[in-house]
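Under our numbering, think of the first position of the sequence shown as 1, with each following residue one higher.
Where is the CB? At the ideal position from N, CA and C, for every residue including glycine.
Report on the following structure.
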Amino acid sequence: MPDKGSAAPAPDFWSVASGPGRSPEDAPEREGPASVPPGNPTVTALWEQFPDGVRRNRVCAGDEDVVYIDPERVTEILGWLHETPDQQYDHLADVTAVDYGGGRPIEVVYQLWSIPHRAALRVKCELPLDGLEIDSVTGIWVGADWLEREVYDLFGVNFRGHPDLRRILMPENYAEGHPLRKDFPLRGRFSRAEQTRRALTQDPEDYYMPGEIGERTPQVVGSGADGGDEAVGG
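The structure is reproduced here in structure tokens:
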């Protein structure tokens, strides 16, 4: 916190995004593998433990520590953060992604909390657009299951080793792409005729268990039903 009467440092918005109406080419150049000296003990420990796995670190929004790591070592590094007694990042608060557009890599973001040590850390992995694959962390945090499915659904990132990787928000047969990608048109891609055709030809077994299908089978009541006009269940 700045001393009384001193000016607070200007927030570094370039660490978060290029900003509205700005192109990525306008961003200032960065020097060195780390933009700021590691002050967070966890960040310092990561640099020492994984000198070839940590790519750089930032401090965003004033006090948010962000560490960029090698995506090929994501389970190794995050597993270390989870299991090491001095770290114990036991809570995975979120897995999400960011697409800044302009051909830049998509960032997969892990928001971690250490409840025993009352600490927070954000870890990011940059994936090139032609290689949107990364190992699943469901083996470390079971709660990553649906979070990774959402990133897969909306950004197209494939999580290797995920136990049930399929869409979670969009229909499974949705073929128009990934709605949170910058290359997805603002007006979307929608064909009412095509959506109607798919709805009429879909297999109910893809959406219901066999027992549920039986429960949802409509019953004919009245003169067309077996047994005449007898009420159902009578």
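Give me the residue from the options with the minimum Cα distance to residue i.
i, options, result
"Tyr110", "Pro116, Tyr100, Arg104, Asp94", "Asp94"
"Thr138", "Pro41, Gly39, Gly53, Leu78", "Leu78"
"Gly103", "Arg197, Asp52, Asp183", "Asp183"
"Glu72", "Phe159, Asn40, Pro85", "Phe159"
"Arg197", "Asn173, Pro179, Ile106", "Asn173"
"Pro105", "Gly177, Trp141, Tyr68, Leu81", "Tyr68"
"Leu132", "Gly177, Phe155, Gly53, Gln49", "Phe155"
"Arg181", "Gln202, Gly161, Glu107", "Glu107"
"Asp130", "Glu150, Asp153, Val157", "Val157"
"Gly53", "Asp70, Glu176, Leu81", "Asp70"
"Gly62", "Leu81, Trp80, Thr84, Gly39", "Gly39"
"Ser136", "Val151, Pro128, Leu127, His162", "His162"
To which residues does DSSP link residue i through a beta bridge?
i, result
"Gln111", "Asp94, Arg122"
"Arg56", "Tyr68"
"Phe50", "None, per the DSSP bridge assignment."
"Ile106", "Leu127"
Answer with buried or exposed for residue i, where buried requires no fewer than 16 other C-beta atoms within 10 angstroms of its C-beta.
i, result
"Leu200", "exposed"
"Pro51", "exposed"
"Leu258", "Because the chain here runs from 1 to 234, residue 258 falls outside it and cannot be looked at."
"Glu76", "exposed"
"Arg187", "exposed"
"Asp65", "buried"
"Arg118", "exposed"
"Ala97", "buried"
"Ile140", "buried"
"Ile115", "exposed"
"Asp86", "exposed"
"Asp164", "exposed"
"Asp153", "buried"
"Asp26", "Unreliable positioning characterises Asp26 in this predicted model, as indicated by a pLDDT of 45, which lies under 50. The coordinate reading is nonetheless provided below. Exposed, because fewer than 16 other Cβ atoms sit within 10 Å of the Cβ of Asp26."
"Arg149", "buried"
"Asp99", "buried"
"Glu83", "exposed"
Can you tell me where the beta strand (DSSP E) with residue i in it begins and where it stops?
i, result
"Val66", "64–69"
"Asp135", "133–135"
"Phe184", "Neither: Phe184 is in no beta strand (DSSP E) and is coded neither H nor E."
"Arg160", "158–160"
Taking the continuous alpha helix (DSSP H) assigned at residue i, which residues delimit it?
i, result
"Arg149", "144–155"
"Gly39", "That residue, Gly39, is in no alpha helix (DSSP H); it is neither H nor E in DSSP."
"Ile77", "74–83"
Inset, instruction - Could you tell me whether the segment 88–99 touches the segment 45–56, using the rule of 3 or more Cβ pairs below 8 Å? - result: no
Inset, instruction - Determine, using beta-carbon pairs with one atom in the segment 117–124 and one in the segment 145–152, whether at least three such pairs fall under 8 Å. - result: no
Inset, instruction - State whether the segment 56–65 contacts the segment 97–111, with contact taken as three or more CB pairs (one from each stretch) at a distance under 8 Å. - result: no
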